[in-house]
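Read the structure below first, then the notes.
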Amino acid sequence: MTNLSDQIHIKDHLFKNRSVMAPMVPNIAGQDGSVTEEYLNFYLARARAHVGFIILGAAYVHLDGKGFERQLGIHNDGLLPGLENLVQSLSKHTRVGVQLSFKSLDKLPESFSLSDIREYRSAFVRAAIRAKECGFDAVELHACHDYWLNYFLSPHFNHRSDTYGGILENRFRLLKETIAAVREAAGDAFILGVRLSMDEFVEDGLTAFETLTVGRWLENAGADYISASGGIGITQHRMSPPMEVERGSLLPFARALKQMVSIPVIGVGRLDQPGIFREAISSEHADLAAVARALVADPKYVAKTLEGRDKDIRPCVACNFCLMCLQSGEPLRCAVNPRVGRDISPVPPLKRKLKVVVVGGGPAGLSFAAHAALRGAEVKLYEKKPVWGGAINVGKRPPFKDVLQDLIDHLVKSAKESGVEIQKGREATVETFRSEAADKIILATGAINLELQISGLDTRGVFSPEEILSAANVASGRYLVAGGGTVGLETAEFLAEFRVPITLIEMTDIVGQGLHSTRLNLLLERIKRGGVKLMKKTRLISFEGKMAQVEIQERTMQLGPFDFIVFAVGFRSNRKLAEAIGNKYPVELIGDAAQPRSIYEAISEGFEAALNLK
Ligand SMILES: Cc1cc2nc3c(=O)[nH]c(=O)nc-3n(C[C@H](O)[C@H](O)[C@H](O)COP(=O)(O)OP(=O)(O)OC[C@H]3O[C@@H](n4cnc5c(N)ncnc54)[C@H](O)[C@@H]3O)c2cc1C
Ligand SMILES: Cc1cc2nc3c(=O)[nH]c(=O)nc-3n(C[C@H](O)[C@H](O)[C@H](O)COP(=O)(O)O)c2cc1C
Ligand code: SF4
241 MTNLSDQIHI KDHLFKNRSV MAPMVPNIAG QDGSVTEEYL NFYLARARAH
291 VGFIILGAAY VHLDGKGFER QLGIHNDGLL PGLENLVQSL SKHTRVGVQL
341 SFKSLDKLPE SFSLSDIREY RSAFVRAAIR AKECGFDAVE LHACHDYWLN
391 YFLSPHFNHR SDTYGGILEN RFRLLKETIA AVREAAGDAF ILGVRLSMDE
441 FVEDGLTAFE TLTVGRWLEN AGADYISASG GIGITQHRMS PPMEVERGSL
491 LPFARALKQM VSIPVIGVGR LDQPGIFREA ISSEHADLAA VARALVADPK
541 YVAKTLEGRD KDIRPCVACN FCLMCLQSGE PLRCAVNPRV GRDISPVPPL
591 KRKLKVVVVG GGPAGLSFAA HAALRGAEVK LYEKKPVWGG AINVGKRPPF
641 KDVLQDLIDH LVKSAKESGV EIQKGREATV ETFRSEAADK IILATGAINL
691 ELQISGLDTR GVFSPEEILS AANVASGRYL VAGGGTVGLE TAEFLAEFRV
741 PITLIEMTDI VGQGLHSTRL NLLLERIKRG GVKLMKKTRL ISFEGKMAQV
791 EIQERTMQLG PFDFIVFAVG FRSNRKLAEA IGNKYPVELI GDAAQPRSIY
841 EAISEGFEAA LNLK
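This note's numbering applies: residue 241 is where the sequence shown begins, and numbers increase by one.
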């Protein structure tokens, strides 16, 4: 049986194990495409932790093909010193490749003249030569996820009528020519891989029927490995599957491809638990197994998996907040790992003895407590409820969200292991601070559900999302959910499982704000299938008995009748304790207690506050 820890050869290059860091644009290079310290450190943290092969995220080969503001460039010789330095640093620990890319944005294949094709194709060749000169082990042609080479290969995008369009052989031509030209320029010893979307998951797109053939052609054309990805922009939930898509869903494509070719095949796609990561290799789905987000969430994911330290892994919860950062032009950030972007900066020990009392065992309080204790502070953490995790305990209840329990478990484990004294089931009061004599008090007391003051409302039938989501069962009756944010949508989905009639109204025409499209689209499909009646631009005005008065585009009408109403209209910070304390003690508010937001802010503010202790 082959294992993840086993070595593998690609050409004459020996790889120390079969783990791969899949290409990711972290959007932290210079505006000019240069390697920055932040960029180098992001990769160095992962290289040092046993990854066998790091493939740097899409680097643009030509300025016209730049897709992100702070994307890595490999399009001019001026970038060589930075790249050389990067390769030298990473090569001490791992094999290093770079993905060569050209993002043609809105320009489809028919917009490219033959001279454009020649120019951009030779840009790939020049970039490959640069990569070889810098000491990279490999280049990977980015032929998936809506990039230029994918556009030509795909019947969904390619509507040319010349020799670059039409039948598969023609659509493959650009890729074939690019491989031949790169191979000729870079020589036989250099590794040349190709990344494909094995299935684009759109009606007229590429499917395995064609890509398995393409796989054979790629081998004949001189490719040294194929990375079997999936999806395109509009089916991005297949590329980076969110929590609602099962782990390893792309592995069957890698397995099928592996049976068609004799070059190594890389499998990918939510291999974010050590079991499935190992199994990708041991069950012969793929020759190498790649992870992207698991390594964002925990740079030591590979090392911990190889060492069998599964329980020490900080779990990626597949929320795709990282993708949202990238796609809104921000640097890569992670909901659960506050150190992304400062990956190798040390967490310095405190210079003096410090006692800190933390109130609230949600993500903010736990994150603060663990990091402060790591710095040497004496930390005591109070949580009034009998469980840890704060609002995540209800946040994990809607379908597909149980992965959030893994996050709670990890946060609690980290706090305990760093020496935090924990007091579960104990409410902190002003009295507590009197007896504790702490140097600092951190209030991570979370948020409280907002309720609208609506006339005519029979408050007996009013619930908060928390009350609904915590219930083992819900009363049968007709439900009105007011508020189409993420919490409202998820509460409606949860209710729909009990087969009760639900109407969800949202005042604006935007629903699910803050949720990445890969999750939002699937959630909207599910609530539609669950029979939820979703009404946008609908504002609740008042109630008359069981009937709701609403305003829709300046017209008032009645909806109903309803037996129950759920207010999912937002939260306000829980400042009860802060107000009781006044300025008697030095306090700092973090997470939802400062402003209701999400897990990302809670965890990162906890970390920041711990770093700021003096
Ligand atoms: C239904 C729902 C779904 C959600 N889904 C998501 C999601 O999918 N993704 C996401 O990013 N965010 C989600 N959120 C938001 C996210 O859960 C919060 O932003 C996050 O939990 C805030 O963390 P926190 O530690 O600041 O506060 P909380 O998690 O609210 O923790 C505060 C803790 O303080 C305790 N506490 C309060 N007062 C005292 C006291 N006096 N003494 C002791 N303990 C006290 C409370 O019991 C609680 O455990 C969701 C929220 C809800 C309600
Ligand atoms: C932030 C981010 C950036 C990505 N950038 C690239 C990229 O540059 N090139 C690419 O082929 N895939 C890219 N991907 C897709 C990943 O390489 C990977 O195939 C996908 O996320 C599934 O793997 P995972 O479940 O381990 O995250 C990116 C994914 C993320 C989350
Ligand atoms: S932001 Fe979410 S999906 Fe991305 S790496 Fe972090 S936990 Fe995983």
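Where a beta carbon is used, it is the ideal one built from N, C-alpha and C, also for glycine.
Note that the structure is predicted; figures quoted are calculated from it, not measured.
- Ranked by how close their Cα comes to the Cα of Phe-493, the residues Arg-510, Ala-526, Gly-462 and Ile-516 have Ala-526 in first place.
- Rounded to whole angstroms, the separation of the alpha carbons of Ser-585 and Leu-280 is 12 Å.
- With a cutoff of 9 Å on beta-carbon distance, Ile-805 and Gly-665 are scored as not near each other.
- The residue among Arg-739, Tyr-541, Phe-734 and Ser-704 with its C-alpha nearest the C-alpha of Ala-722 is Ser-704.
- Residue range 719–722 is occupied by the beta strand (DSSP E) that includes Tyr-719.
- Proximity of the beta carbon of Gly-717 to ligand 2 is not indicated: no heavy atom of the ligand is located closer than 8 Å.
- As DSSP reads the structure, Arg-411 sits in no beta bridge.
- Along the stretch 480–517, the beta strand (DSSP E) occurs as fully enclosed runs of 3 or more residues at 505–507, listed in sequence order.
- Contact between Leu-546 and Asp-679 is ruled out by a C-beta separation of about 41 Å, above the 8 Å threshold.
- For the stretch 287–335, the continuous alpha helix (DSSP H) assignments of 4+ residues that do not extend past its boundaries occur at 320–331, in sequence order.
- Assignment of Phe-807 by DSSP, reduced to helix, strand and coil, places it in the strand class.
- Between Ser-716 and Val-740, the alpha-carbon positions lie close to 6 Å from each other.
- Taking 9 Å as the cut-off, the beta carbon of Val-670 is found no closer than this to the beta carbon of Glu-733.
- Residue side-chain check: Val-434 keeps its Cβ at 8 Å or more from all non-hydrogen atoms of ligand 3.
- Cα atoms of Glu-618 and Lys-625: separation of roughly 22 Å, rounded to the nearest angstrom.
- In this chain, the alpha helix (DSSP H) harbouring Ala-850 covers 839–851.
- Taking a C-beta distance under 9 Å as the contact criterion, Val-365 and Val-422 qualify as a contact pair.
- When the beta-carbon positions are compared, Gly-754 and Gly-602 stay at least 9 Å from each other.
- If only complete runs of 4 or more residues are kept, the stretch 699–781 shows the alpha helix (DSSP H) at 705–710, 726–736 and 757–769, in order along the chain.
- Our two residues, Val-501 and Leu-647, have alpha carbons roughly 39 Å apart in a direct line.
- Here the alpha carbons of Asn-633 and Ser-710 stand approximately 8 Å from one another.
- When Val-598, Lys-656, Glu-350 and Lys-636 are compared, the shortest CA-CA separation from Leu-614 is found for Lys-656.
- Distances from the CB of Phe-811 to the heavy atoms of ligand 1 include at least one below 8 Å.
- Under the DSSP assignment, Ser-469 falls outside any alpha helix (DSSP H), being part of the beta strand (DSSP E) whose first and last residues are 465–469.
- Taken through DSSP and simplified to helix, strand or coil, His-396 comes out as coil.
- By the neighbour-count criterion, in which a residue is buried when 16 or more other Cβ atoms sit within 10 angstroms of its Cβ, Pro-588 is exposed.
- The count of Cβ pairs closer than 8 Å, one atom from the stretch 346–355 and one from the stretch 437–451, stays below three, leaving the stretches out of contact.
- The alpha-carbon of Asp-252 is positioned some 26 Å away from that of Ser-362.
- Excluding five sequence positions before and after Leu-535, the CB atoms of its chain that fall closer than 6 Å to its own CB belong to Met-261, Arg-286 and Tyr-541, given in chain order.
- Between Glu-424 and Cys-374, the gap from beta carbon to beta carbon reaches 9 Å or more.
- Asn-267 has its Cβ no nearer than 8 Å to any heavy atom of ligand 3.
- Rounded to the nearest angstrom, the gap between the Cα atoms of Phe-802 and Gly-696 is 13 Å.
- Ligand 3 never approaches Phe-847 closely enough for any of its heavy atoms to be under 8 Å from the residue's Cβ.
- For Asn-560, the CB falls within less than 8 Å of some heavy atom of ligand 2.
- Taking the Cβ of Leu-340 as the reference point, every heavy atom of ligand 2 lies at 8 Å or farther away.
- Distances from the alpha-carbon of Val-275 to those of Leu-254, Ala-631 and Val-338 put Val-338 closest.
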